[in-house]
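Engineer: To start, I am sharing the structure in question, which I have written as structure tokens.
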Amino acid sequence: MSTNQSFASELQQTETSIFVNWSGGGQIKPAEEQWTLDSIFRAAAGFPNKVAKYPQRCWAILTRYPNNYSFLASSLKHIAVRNFANVQQYAVDLLDDFMGHKSNLRIIENVFDEPTEYVAGPGENAVDVRAQDLVRNRTKIKAEMAKIVKVIEALDKDPVGGLKNKPSDIEPPEIWATRLPVRRTILDEDHPELAPISESIENALQSFNFVWADNEKDRSELLKKMQNPPPAPKKPQKQIPAPPPVVTPKALAGMTKKDRDILDSLESRKKYGTFLFDQSGGMPDRSITFNDVLKIEEATLSQGWPTRLEIGLVELGDKEVLGYYELEYAGKPLVKFKNGSDKDLAKGTDDRKSKLTLDLDSAQKVVAVTFVIGTNSDGSVYGIRSVEMDVREGPKQKLRDRSKGDLIVECVAPEGFGLKGFYGHAESKRPIERIGVIWGK
């Protein structure tokens, strides 16, 4: 029996409703022919060829606005079309981080649901399974997610500006994942030495009568050791040598305790590793109020040397003392550092005694600085009365000659170093009371 005959016999005395929708392709059935199963099958089989023969017109082609020159040249120039091409990958990374934080939140919710099934993970700064710690860290994770949302909103408003101001304080979700609690089964698999004693092992040990039957004390001790094994010996950590100091011993001796603690800390050694703070001179027991390293780092001037240095004296009572200095670094824009005060600049018969200016080219750098400290008749210090500069590939310069009773503070740059700036103490609109040299490479 043919297939058509089988269908015909099955469809006798039945009512069948068939709905057919199509678009394009021409006529799929002659008008005088009735719809039957055979005609439906024939129409379906021949439909792709008819569509290919009589294709429908495409009504729209999607393209990006910046690629549509007729749109750009139209009268709708007031419409701002943002270009997100350069931030697509960054946005994808932000989405991954956001979903990672959501996964971490789900872990915390699971701990709330089954607190007895979780223990603190083996990672550093692990989150405790107590409710207070879980709630606190859940709030922190949500704060990280809020930062990501804020960045996305900034990118949406200004893709270019938002990319330039990428925040660096968004903590990756992978780091959070190492702190979160883990299921006991996972911990047992990764750290079998911490797993509790199983029932099968306990039953096996009970079969040894010489342990369980004859000596209850030994049995208890053995169980205690098995349930609380000694911690596995830790591998000796590789000792990483500490960064070298960024302050010379003589410089430390002239600083206050607070300044010593800051500049000689591990953080400062890592941050200012390319600089060296040399000794200072001037009024004793003065804290640091200016530090050119901060401005050098802010202006990204770690390479290169100052191109101009000006040092000036001012009148203080009946004496002249160091009033100010000004450093310039070449660049666009020009970068200047100035500390101290140039008010009441002494105007003697020879003005060169009151101000020293060094114009340096790229091959020149200051490799030695000497501070001449003036003293009163009783030996007390009244201020810095002169400065001397030794320039590589240039003559030695000085403000004035030394006098009897002056204290001399000599600073010489190590091999390969040169003058980068100064540090010291100067109150607002007052002369410099204490100053030291900052060398750099």
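Numbering (numbering that gives the first Met the number 0), first residue to last: 0 to 440.
Using N, Cα and C, we set each Cβ at its ideal position, and we do this for glycine too.
How should Phe370 be labelled, buried or exposed, when 16 other C-beta atoms within 10 angstroms of its C-beta is the threshold for buried?
Structural biologist: By the 10 Å Cβ count, Phe370 comes out buried.
Engineer: If we ignore side chains and look at the alpha-carbon of each, how far apart do Lys101 and Ala125 end up?
Structural biologist: Roughly 18 Å between the two C-alpha positions.
Engineer: Going by DSSP, which residues form a beta bridge with Leu315?
Structural biologist: For Leu315, which the question treats as bridged, DSSP gives the partners Lys318.
Engineer: Helix, strand or coil for Gly347? Go by DSSP, reduced to three states.
Structural biologist: The pLDDT assigned to Gly347 is 43, lower than 50, so where the model puts this residue is not dependable; a value taken from the coordinates is nonetheless given after this. Looking at Gly347 - three-state DSSP - the assignment turns out to be coil, as it is neither helix nor strand.
Engineer: Rounded to a whole number of angstroms, what is the C-alpha to C-alpha distance between Val307 and Ile169?
Structural biologist: For the sequence presented, residue 307 should be read as Arg rather than Val. Each residue's alpha carbon lies about 41 Å from the other.
Engineer: Starting from Ala90, follow the alpha helix (DSSP H) in both directions and report where the run begins and ends.
Structural biologist: Counting along the chain, the alpha helix (DSSP H) containing Ala90 begins and ends at Gln87 to Asp112.
Engineer: Taking the straight line between their C-alpha atoms, what separation do you get for Ile375 and Leu418?
Structural biologist: For clarity, residue 375 is Asn in the given sequence; the question names Ile instead. Going by the C-alpha atoms only, they are around 30 Å apart.
Engineer: Could you round the C-beta distance between Ile107 and Val292 to whole angstroms and report it? I think they count as a contact, below 8 Å.
Structural biologist: 42 Å between Cβ atoms; not a contact.
Engineer: Would you mind working out which of Gly330, Leu333, Leu406 and Pro305 sits nearest Lys364, comparing C-alpha positions?
Structural biologist: The shortest C-alpha separation from Lys364 is found at Pro305.
Engineer: Are the beta-carbon atoms belonging to His424 and Thr288 less than 8 Å from one another?
Structural biologist: Yes.
Engineer: Identify, in the order they occur along the chain, each residue of the same chain with its Cβ nearer than 8 Å to the Cβ of Gly382, setting aside the five sequence neighbours on each side.
Structural biologist: Excluding residues within five positions, the ones whose Cβ falls inside 8 Å are Gly281, Met282, Leu315, Lys318, Val320, Leu321, Ile372, Gly373, Pro430 and Glu432.
Engineer: With a CB to CB cut of under 7 Å and the five nearest residues on each side skipped, what residues in its chain are close to Gln278?
Structural biologist: The answer, listed in chain order, is Thr247, Lys249, Ala250, Gly253, Val408, Cys410 and Gly435.
Engineer: Pull up the CB-CB distance for Val128 and Pro114, whole angstroms please, since I reckon it's below 8 Å.
Structural biologist: With a Cβ gap of about 6 Å, Val128 and Pro114 count as contacting.
Engineer: Quick one: using the 10 Å Cβ neighbour count with 16 as the cut-off for buried, is Ile140 buried or exposed?
Structural biologist: Ile140 is buried by the Cβ-count criterion.
Engineer: In its own chain, which residues sit with a C-beta less than 7 Å from the C-beta of Pro244, not counting the 5 before and 5 after it?
Structural biologist: Once the five neighbours on either side are set aside, the close Cβ partners of Pro244 are Asp263 and Arg268.
Engineer: What first and last residue would you give for the beta strand (DSSP E) that runs through Lys337?
Structural biologist: Where Lys337 is concerned, the enclosing beta strand (DSSP E) stretches over Val334 to Gly339.
Engineer: Please identify the residue among Ala367, Thr177, Trp34 and Gly122 whose C-alpha is closest to the C-alpha of Phe416.
Structural biologist: Comparing Cα-Cα distances from Phe416 to each of Ala367, Thr177, Trp34 and Gly122, the minimum goes to Ala367.
Engineer: Does DSSP classify Phe370 as helix, strand or coil?
Structural biologist: Reduced to three states, the DSSP call for Phe370 is strand.
Engineer: Note down the Cα distance separating Asp37 from Lys28, rounded to an integer number of angstroms.
Structural biologist: In a straight line, the C-alpha of Asp37 is about 11 Å away from that of Lys28.
Engineer: Could you check which residue in Pro171, Val148 and Gly311 has the C-alpha nearest to that of Lys354?
Structural biologist: Answer by Cα proximity: Gly311.
Engineer: Specify the secondary structure class of Arg135 as computed by DSSP and reduced to three states.
Structural biologist: Three-state DSSP puts Arg135 in a helix.
Engineer: Between the alpha carbons of Gly272 and Leu326, how many angstroms are there, rounded?
Structural biologist: When rounded, the distance between both Cα atoms is 22 Å.
Engineer: Using the three-state DSSP reduction, which class does Ala145 fall into: helix, strand or coil?
Structural biologist: It is helical.
Engineer: Assign Asn136 to one of two classes, buried (16 or more other C-beta atoms within 10 Å of its C-beta) or exposed (fewer than that).
Structural biologist: By the 10 Å Cβ count, Asn136 comes out buried.
Engineer: Would you identify the three-state DSSP class for Thr356, choosing helix, strand or coil?
Structural biologist: Thr356 falls in the strand class under three-state DSSP.
Engineer: Tell me whether the beta-carbon of Asp323 lies closer than 8 Å to the beta-carbon of Asn338.
Structural biologist: Per the sequence shown, residue 323 should be read as Tyr rather than Asp. Cβ atoms of Tyr323 and Asn338: closer than 8 Å.
Engineer: Can you give the Cα-Cα distance for Asp96 and Ala119, rounded to whole angstroms?
Structural biologist: Roughly 23 Å separates the two Cα atoms.
Engineer: When you compare only the Cα positions, how much space is there between Glu297 and Ser167?
Structural biologist: Spanning the two alpha carbons is a distance of roughly 16 Å.
Engineer: Based on the DSSP secondary-structure assignment, which residues constitute the bridge partners of Ser279?
Structural biologist: Gly435.
Engineer: Tell me whether Arg183 sits in a helix, a strand or coil according to DSSP, three-state version.
Structural biologist: Looking at Arg183 - three-state DSSP - the assignment turns out to be helix.
Engineer: Using only CA atoms, which one of Ile147, Val386, Asp389 and Pro158 lies nearest to Met98?
Structural biologist: The candidate whose alpha carbon is nearest that of Met98 is Ile147.
Engineer: Identify, in the order they occur along the chain, each residue of the same chain with its Cβ nearer than 6 Å to the Cβ of Val390, setting aside the five sequence neighbours on each side.
Structural biologist: If we look at Val390 and ignore the five residues flanking it on each side, its Cβ neighbours are Gln363 and Val365.
Engineer: Is Ser385 helix, strand or coil when you go by DSSP?
Structural biologist: Reduced to three states, the DSSP call for Ser385 is strand.
Engineer: If we count the other Cβ atoms within 10 Å of its Cβ and call it buried at 16 or more, is Arg285 buried or exposed?
Structural biologist: Burial call: buried.
Engineer: Just to confirm my understanding: we take Lys335, look at its own chain, exclude 5 residues before and 5 after, and list those with CB closer than 6 Å. What are they?
Structural biologist: Once the five neighbours on either side are set aside, the close Cβ partners of Lys335 are Glu327.
Engineer: Identify every residue that forms a DSSP beta bridge with Glu309.
Structural biologist: Glu309 pairs with Glu325 and Thr356.
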